[in-house]
Each structure stands twice: as C-alpha cells, then as structure tokens.
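Read through the structure below, which is laid out as structure tokens, and then see the notes.
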Amino acid sequence: MVKAVRAQRSGADTDLCAWSGSRSDAAAGGGGGGAIVWMRSRLRGRRPGIARADRDTRTMLHPLFLALHLLCFTQSMTAFQATVNDEGLIVATLDSSDLQENVTAYAVQISGEPRTILIQFVNTSEPLLYNASFHGLCYTVGLLLRRGQAWSRPMKTVAVLTKPLPVRSAQILDYKEAPETGVVFEIDPPTRNVFSRVNISYAEGQERRSMLYKDFYRGKTVFKHWLPGMCYRNITFQLISEATVYQTALVTHSDITHTPLHHRTVPHPPLNISYKIIHLSQRAAPGQLPDMLPHDSGQRSPRQARDVPLMEEREEEETQAEENTSDEVIGVTYAPFNSTKVLTVSAPIDVNNSRTEEAEPSSYWLDPTEPSPADKDEEFVNGVLPEYEDSNEPGSAMALPAEPSVLPTRLPPILLELRWLPPRPPTSYDGFNVYIYRDGNSTETATVDESTHEFFTELTEPGIYRVQVTTLSSSGDCESRESSGDTAFTFYLGPSGELLEDLRERPQAVSVRLLDSSTAAISWAPSSQNHNGSLVSVVSTTCLKPSLSQRMENTYCSEENSTSDIITNLTPGAQYRVVVYHTNGPLISPPSEPVIIDIEPTGVRELTVYPLSPTAVILSWQRPYHVAFRKYVLQTFFFNPVTLASEWTTYYEIAATASVIASVRVTDLLPAWYYNFRVSMVTWGDPPLSCCESSTVSFVTAPEAPHISSVDYSHGILYVRWTYGELFIDLSHSRMLHWQVVAVGKKGPEKTYSVDVTRNVMRASLPLPPGDIYNLTVTACTERSRNTSTPNIIKLEPAPPRSLYAVNATHSSVTLLWTEEGVVDYYQVLCRPSKASKEQLKALEPQTSTSHVVTISGLIPSSSYNCTITSFSYSTPSKPTHISVSTVAKEMNPSVAAISALAVLSILLISLLVLFLLVLRKKHLQMTRECGAETFVNFASFERDGKLPYNCPVQLDDFEAFFKDMSKDSAYKFSLQFEDLKSIGLDLSHDAADLPINRPKNRYTNILPYDFSRVKLISMHNDEGSDYINANYIPGYRHNKEYIATQGPLPETRNDFWKMVLQQKSPIIVMLTQCSERRRVKCDHYWPFNEDPVMYGEVSVELLSESESPEWIIRKFRLGYADESQDVLHLNYTSWPDHGVPTVNAIESILQFVHIVRQQANRTKDPIIVHCSAGVGRTGTFIALDRLMQHIREHEYVDILGMVSEMRSHRLSMVQTEEQYVFIHQCVMLMWQKKKQQSITSDVIYENASKT
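Just so you know, we're using the UniProt record's numbering here: the sequence shown kicks off at 1 and counts up by one.
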C-alpha cells in the first residue's frame, strides 16, 4: 500500500528535466496544441554550517556546486532507482545502501507536474508505484529522509520520461489548394498527452519512408511534397516525447494502435487536348469509317466508329490518308482546346451498342466554360436566389427567348476525333477517361490505356455537345482518382450538320447609361469572334443583400434577360448588376465583367410637421409606392447658439419598412427657433445613394411659457419680472417677437391692462388700480404661435381714502367726504369721542357706506371726535384715514340740561347692559354651531402641541349655516382649517419607501407610505424591498382596515398590484383616474386589453365583462394563481379631474357612483382598494364621501375635520387640496337634503341608483 502526502517544503526538490513538447490535455485545447515549453532547472538548498553568502558569491560558486552534485548523482546511480514500467507507472526502489541510521521514514518527491507530489515508502523492501497524470512528460524523482518530524532535502534524484499514449484516430484529406501534391494530416491524440514530434510512416511504391513532423497545430498539419496520382499505403502516426537531462537526451515513442491509412493524390489532367469534326462521304455506309489511314500495304480496312479504336500516333500517315481520301471526306474541322473545368462524371454506357437512342427533350445547356475566379458567381446567366426562381426545372439557369422546338434527327455521317498529350510529369497514371454529353445527358463514356492519346467516335444526332478527357490513376490498394482540372469543350451541331463553335471571348468595355429612374441603355465593344447575337442579364442585387430579411424589398426584386440594349422597368433606389453575353445559336460566351449601377430613390411625399410642445414635434411623411431603399435619414438644419453656426446634422435613422406612412418624434428642440427638416431615402449601394434635397420642410417651434419670478406693487404701479427657459439663450437669434404682459381685473371698470415688451427685456410695469384681484400672465409671442405663463393671481390691498374733509358740522352731526381710490366695495366710518372710556369705545359700532359721502349723526354737541374711514375690498381693509371733527354747542336751560344728561346716561347704561347680554348669547350660539354637538365621537387619534384635537363636529341641522359662514371672505375659514391639516403626519416615518431599491416603485417622490400603516406583500424571497408597495390601510366607518389607498400602478409595479389584490382578497377596485390626462400618463393600463388572459408575474388576469356609462366604466376580472381563483369588480370613474373636483352639477353623479360602490362593498368585509394617480387627492375624497354617507344614515352630526385628520394620520396628504376639502362639505349638504327627503327608509339614499 502506497501512502501519498503533500510535500512540506517546496524548496527541497531539484528538477532535472528540460523539455519541450505539445500537450493534448484540456488546458492545451485538446489534441496537440501549440508547443508548450516547461523549463525546470533549479538547484536549491545549501550545505549545513555554511553561512549565507551574498548574491555575487553564490553566482561564482554555482558551477562548483553543480559539479559536486553531478558527482554525487553519479555515485548513487547504483543504489536508489526510478524507472517507468510498461504500464506507464513510475517505479521507485530502495537499495540497502540507501538505508541509514536514525531515519524514521523514507519518501520520494516527484516533480514535473504543476504540483509537487510526496509519497512515503510503506515498506522499504517493496517498490513504490506512482501513476503519472501526464504521458510523455519528464518527471524528477528524489529520495527524501525523515529524522524526527522534518524531511530532508532530496538526497538522490533520478529523471524519468513517461511514455506518450498512441494516436486514437487519424484521417487524410486533400489539400484544396493543390490536391495533386498536397494533403492534410489530422490526428486525434489522447488528452493529458505530451509530445514534441510526430513520426509519419508510409509506403511509396515498394519503398518504406518516414518523416518527423513537429508543426502540428490543433492536431493538423499540411504536407505538400507527394507525387500526383501516386498511391501511398499503410500510413501511420507515432507520437514522440523528448527531454534533456544534463545534456543527455531522453526519447520515448508511443505505440501505433490506429488502423493504417491509404491515400491517392489527384493526377494532373492531360495536356494540349484538341478535336476535329470530320464530315464523311454520304456514300459511306452508316456506322462505317472511311479508309482514312493506310496500312503497311498502303490501304487500311474500315472499322466501326463506335468500337472506340485504340490508335497509334501516325501524323504522317494521317496526312497521307487525308490526301488519298479527299474525294470521300466532305469537310474537316480542327479545334485545339485546353481548359480547367470540373465535370461530374456519369455512369458509363455500353460503348459497343450501335443503336442510336433518342434523348428526351431538355432545356438548352448554357454553361460553355468556367468563368474566371472573379466571375464565379456568374456561372449562370441569371443566377437568381432560390426564393426568386420561377422555373419548373430545379437548377435551370435561365429561359432563353422562345425558339421553334426541333426534335433531334439523324445527322449525316460525322466523325469526332480527339487528341491529347500525357499529363505533366511526374504523374502516376494508368489511362484516360473520355466523356461525351449531348444536351446535358451522357451519351458515351470510354476508358483508354496510358499509351493511347487519341479517340474517334461517330456523332449521329444534333445538339449541344460537351466532351471531356480526364487522367485516370487506379493501380495499387488506393481508390481510383481522376484529374480534377476541367478539360471539357463545347460545340453545337445543327440538324443539317452545321457546326457552331464555343465562344471564348468575353464582351469587353460594357457600360451602362441611365436614361431616367426606370430605364437604362447598355453598350459594349465589338467582338473578334463570330457570333449571331447578344444577351443582357440584369439582376437586382438589392434582393441579394445578406441578413436583411426585409419583406418590402422582395416586392422590388427583379431579374431580366433581354436581347435588347435598352433596360426598362427598373426600380428607383435599387442596385443592379448588368452582365453581357455573346450568343452563337444556343451557345453563349463567358460573361463580361459585371457592371453595378445604382439608381437614386425618389423623395418622400407629404412631409408634414405636427407640433407637440415648444421642444418637440412629430414629423410624418409617406414613401413612394415603387421604390427600394435601406433607411430613412432625418436631418435638421438650424442655427446653433453654442457653435454660432448653421449646418445639416443627422437626427435619426429609421430602417425601411413596408409601411407607407412613417413618423418620428423629434425632441430637444429650442423653443421659438427656426428649423429645417429633411428626410432622405438611402439605398443599399456601396457607396449608398440618398435623395432628395427637395424633401424639406421648415418650421418655427412654439415659444416656451415664461415663468413669472417676482411681482411688486408700489404707488399704483405693478412691477413684473419673469424668466424664460432653464438655460440662458440669446433671444436675438430666436424667432421671438415680443412679450405681452396682461393683467385682467375682476371688478375694475377697464378690467384688462396690457403692455408689449421687446424680446430681450424680461421686465415690465403696469399701472393698476388698487383693491382688485388681478389675473396676471406673461405671453411669449412669435409670428406663428404664442405661449402663456401660468396665471399669477394678485390681490391688491385697497387704497385708503384720500382728500378727507369734514363739512356741515352741527351740534349733533357732521358730514365727511373724500376722494375714491381704486376698487372699493364699501367704507367703514367710525367716530370716537376724544375723551371716551374703554367701555364706551367698545360699544361703538362702525357705520358702513358705499358712497364717498357720509353724515355722522347722534353726536354730542360741543364734543371732539376722532373719525377713521377704512376702505374694504374683498373683505380686506385698507389702512384707515384719520380726521378730527367737532360738533357745535347747543343752547338750553340748566335744568333741562341736567335732566337730559341723566336720561342720556341712563339710556346709555341700559343699552350697554343689553348689548353685553346679546354679545354673550351670540358667542354661545356661534360656538354651538361651529364646533359642536354635545355628543361627539372624536375621529382624530392625536393632538398637536397640547392643544385641542383636530375636530369640529357640526349638527346637520346647522350645517348649511355653518357652510355659509365658513365660505365667507373667499372661504377664509376653510383655508385656516386646511392649513392646520398640513402639519399632520410630519413626524411619521417612511423608511421603507426611502430604500434605494424601492424608490423606483414610487410614482411621485413626495407621496410615500407611512411605515406603520403600509401594506406588506407576502413574498417567497426575503430580498430587501420584496414586500414593498406604495399603499396604506385607511380606517373606515365599520373597521380599521376598510380601505387600501394606493397609487396608480406603474409598469414596474403592476405585478405587485395584482399580487396585493390577490393576497388581500380585495373584491373591489375603485379607479378614479384615466390612464392619460392632459397628455400626461397618470396610471398604467394594468389590466388586459381584451378577453385573453394575461400573466402579471404569477397572477393571471382575465377580463370577463365590461359595461360603460357616460361617467364610469364597470369591469369584471377573474384572477388566478395556482389552483386559486377570485373575481374582482373594477369600477372606474372617468370624469374626475386631477388635483380638482367634479363640477357642482356633477355632485349628484359622484354620490351616485359612491353609492354603487357601497352597495357592492356591503357584501364583503375585505378591504376595498382605491387609487387615483398619487393615491391621496381623489382617493381621499372618495373614501371621505363613502364614510360620511354611512355616518349620516345613522347620525345627526358630522365632523369632517376630524375624519380628514384621521385619514391623514394613516397616509400622507389624504384629501390633497383645499378645493377637494370644500367639495366634501358641498356633498354633505346634498346628502343631508336627500336624507330629509326620504320618508320611507334611511338605509337607501338613492333609490334610483344604477345597480350592477
């Protein structure tokens, strides 16, 4: 048993191997990757007792230590040994001389792999075995001794080289660039195999050859030095691993286990192939050859033409025979040929069969020769992509102009003679194959031996002939191979025996001239060869663009073959490839060099600009119906205030589509700026063409609304300042004309006051009468549009009366008159005696007058009075104007005066007492009506700063008077109450909403749910924020969680919304907004658009029904999760404006909607989900109305202030605006009126309400 432990000290080894090789393990990419060199030559450690020397000293002594180490190593060779056995295991054995005293254990240290291995001897008399991880790798095996607890450094070291594993499989392929002499060797070595070279052994003829190859990359290499046509047998591959130890080479070979391979290289083709067409005498018998070549006796016996004679080369005799038989041979045609075309060989036919078979009619074969490498894509005249082919024959090239169909007839006697020379040496070959095709069908195949270089055969039928001669190599154990070069030639024999030779000359100097967007003229240079026509092939390359997949383009793909030099029906914007062929009967020449033509597209139509805002427009246009293009390019032209230059810039690009109408939203425009927009159509060409400059439209953007920044009123003049835009832009370059400042008074006689200001000035002054309320706006004006700022409501204080005079003073009265100033509703005049007591001053009541003249009567004679006149406008007083007046003395006797004085004093005391009692009663009644019923349930749950709670209960019988009192002075008391409500909840936390992961889930950053009342989702994951949704529980009339107030779902939160509906088992959803209001998104369309179920996360939602009324829509959904299902009623009120309230005429409509919801809610105890956009304004108002409707059924008082404060203590800003707060009071008045009208039952408020 072998025990393996990890080396404790890595500095104790000595790596002796220096090697290079290829690794075929996974890290090296598998299969003999690039060469990897591991150099390990470290001598570590020092003798005990020698002090540490400096670096220079160690460098000088290094050779000495190396020599000593080598000596020790040599002396110990006979003792400790390490070898590699036949199974590839490293075997380490100890000799008795290795055993020492005081040694407790022996071990070997094996290095060479990335990690050093230490293996301890269990029994020193038995060898130690180690299965190496790598094959073909050099390992260093060192002997270690342990004394006590520490291991020594290697006492002896031995280097061993493991044996590489054999190649698993191999294959040999043709080298495509030169298959006659080159091959590709590909081997599959095992993984974790290391080798440096490959020994390739093979048999060439009778000789056995070997070669060492090291340039194997990923198991492949190319060898280019074999002989053409040679059979190479028994090809094997053997891996070699090498290493160097102290300048001694270690070499080991793998076994050979794969099957030996055979491979034959391709032979070279025959040289100088030529042919003759010989017209024989009509007197010769069919199938008989004339006596053309003499024998030794001077004559040659006739032979069958189809016997495929093996003839010797006798040029002189041939010439003599031709001369002797001149009376029998009608005509001879000679044509040399040498080409390189590849031909697919068909199965041989019986060459001894003299019967002539009629070939079935087929399409003309139109490929006379192989084009040059640059024109390989022109092999077919009209090589259309398969999806555009319109042919009944697969692979048919083109359709020529229709010709009269002529069935093949028997030709007069015609002989075909072929001659060639042997292939280029050195080529190993055994013969030649001759192939003859007529009209694409094989008619004859023959094989001749290597000494035969000519061939005769008789042609009996007209048609297009294709003849080919190839070199054959077949001897040996390898498969037979033929030459791959094209040695074919083509000619045409007519029915009467006329010969049309193959055309070899390409049309030259082809040019194309566009006549218009759909017509072009083609021209080319004359040909030196005889031909009887030309053919023009036009192919739309727009359809051939790779990876486009644009369906629109397929409509405009066109291919046309024409014998005319005028091309018609071209598509604007398309790219065409034009190729010209010469024709000679059914034969055609090689194609000309292709000419690429690009046609400009036509421009877009009906380019129109639709303004959206001062900084955005929509650009819309229509494309022409017949055009091919790649994309639209939208460009803008404007004066850039940053660069102070005007230039065309590309704004957007749109890929071409099949749609006729296209549009783009253009944003980030400058307000009140002049723009030119141009839409160009860009083609697929290289370089692309674009059109057109005429597709341009100009537009001036609307100005941005100015912002009124400050308003100041002084001495009858209103001073206004405003700002324009976020960034300062020099308006001298804009199309702004001027500013118009307008103030519209509510009561003034002239009402409207305006002034125009130049565009570079952003301030104005307006003379306005005091005391009125003005709607102030600033409008930016261009020649085409205007934009007005948000109205600024300005309330000017009334001016105090001026030029106050006292006239007509008597002993008991005085007349005051003054000059009116601005807008005044009324005046209050109060005259106080100069020496009156505090009680007297309190008893005085001011006199109200709407005139600027008032007479004060009831004054005391001979008394001084201090009079004040105060102007009032919209219940706002001005600063009082003071004047002192005196009454004249009244003459009377003393007794009468005394009696009168006592009487007056008595009356005055009685009046003061009565007045005091009246004031006390009035205050008591007011307190009863404004704040209270004796029995009041406090809706609010907390107080502020130790003062009275937020509540104000009111008896419903007094509610109308209470409402009128609260509405006085522009609803000033309502404003005070609502201001008090704004402080509720400021100390409540909303930490969950502030988490970074939850912030995107909030529609508005200032509407966040309180932590103590928020709805928490149940999630399978404990991720932070997984339980968050912007929603709070709101207490209701019957229980504390009667409602859930939430925001309108976002696209990111609609899955959470439906999860909340399902988890809370909410049967009703009340939606008080529309998805989009005033061009702003208020809520996501979070339900399905049709009846098809939609998955929202893990919840499926199905629309069951939908009924629509003028002011609301009722939908029914079915929710599904796993095996659970739940029906939900969705009631959507669509006529409620954001941040506002329905009109007064719509109060009854909203109350009817609340009643419908309450009828459905009474059937369940689960919470009702209510949302608008933010989930506070309209949502809070609806919940308040629903609670009050239930409360009024059973009580005679209401506490709206307390109820709203309670809702605000559970969710921020419930009942968001003062207008909504007042609206709730208006609805309560109508509820109370309806209740008083009910005489039968108090449970139903609206008997005629719509029911669902």
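Built from N, CA and C at the ideal position, the CB exists for glycine as well.
According to DSSP, residues forming a beta bridge with residue i
i	result
R481	S473
H225	DSSP output for H225 lists no bridge partner at all.
Q171	E186
D712	Y719
V679	L634
W739	V757, A780
V1204	Its beta-bridge partners do not exist; DSSP assigns none.
C231	R264
T583	G533, I588
E559	V539
Rounded separation between residue i and residue j - CA only
i	j	result
S496	L416	16 Å
R192	F134	5 Å
N1022	F974	47 Å
D825	P877	10 Å
I654	V633	7 Å
P833	N775	43 Å
C952	I717	43 Å
P462	V579	29 Å
S143	I200	The question names Ser, yet the displayed sequence has Leu at residue 143. Distance between the alpha carbons of L143 and I200 is about 39 Å.
A170	D188	6 Å
H1130	I1069	5 Å
A79	A107	15 Å
Q90	C231	Inspection of the sequence shows that residue 90 is occupied by Ile rather than by Gln. Whole-angstrom Cα-Cα distance: 43 Å.
S442	S523	38 Å
T758	T782	12 Å
T460	D449	26 Å
T848	N792	32 Å
A1031	A961	38 Å
Residue i - DSSP class collapsed to helix/strand/coil
i	result
A645	strand
F432	strand
P1000	helix
E1218	helix
T542	helix
A658	coil
S518	coil
F455	strand
W1136	coil
N1055	helix
H531	coil
M1095	strand
I869	strand
T1181	helix
K1116	strand
Rounded Cβ spacing between residue i and residue j (contact assumed at less than 8 Å)
i	j	result
R196	S125	It should be noted that the sequence gives Ser, not Arg, for residue 196. Between S125 and S196 the Cβ distance is about 37 Å, and since that is not below 8 Å, they are no contact.
P770	K879	11 Å between Cβ atoms; not a contact.
A889	P861	5 Å
R153	V103	Not really, about 14 Å apart at Cβ, beyond 8 Å.
L804	I883	5 Å
F1117	V1099	With a Cβ gap of about 10 Å, F1117 and V1099 do not count as contacting.
Residue i Cβ short of 6 Å to the ligand HEM heavy atom set
i	result
T815	The ligand HEM is not among the ligands present in this structure, which contains no ligands whatsoever.
For the pair the region 664-675 and the region 607-616, tell me if three or more CB-CB distances fall below 8 Å.
yes
Can you confirm whether the region 998-1010 touches the region 1128-1143 when touching is taken to mean that 3 or more C-beta pairs between the two stretches lie within less than 8 Å?
no
Counting Cβ pairs, one atom from each stretch, are 3 or more of them under 8 Å apart for the region 258-276 and the region 467-482?
yes
Three CB pairs or more closer than 8 Å across the region 637-654 and the region 599-608
no
Stretch-stretch touch, CB-based, cutoff 8 Å, three pairs: the region 1203-1219 with the region 969-984:
yes
Using a Cβ distance threshold of 8 Å, determine whether the region 581-590 contacts the region 499-508, with at least three qualifying pairs required.
yes
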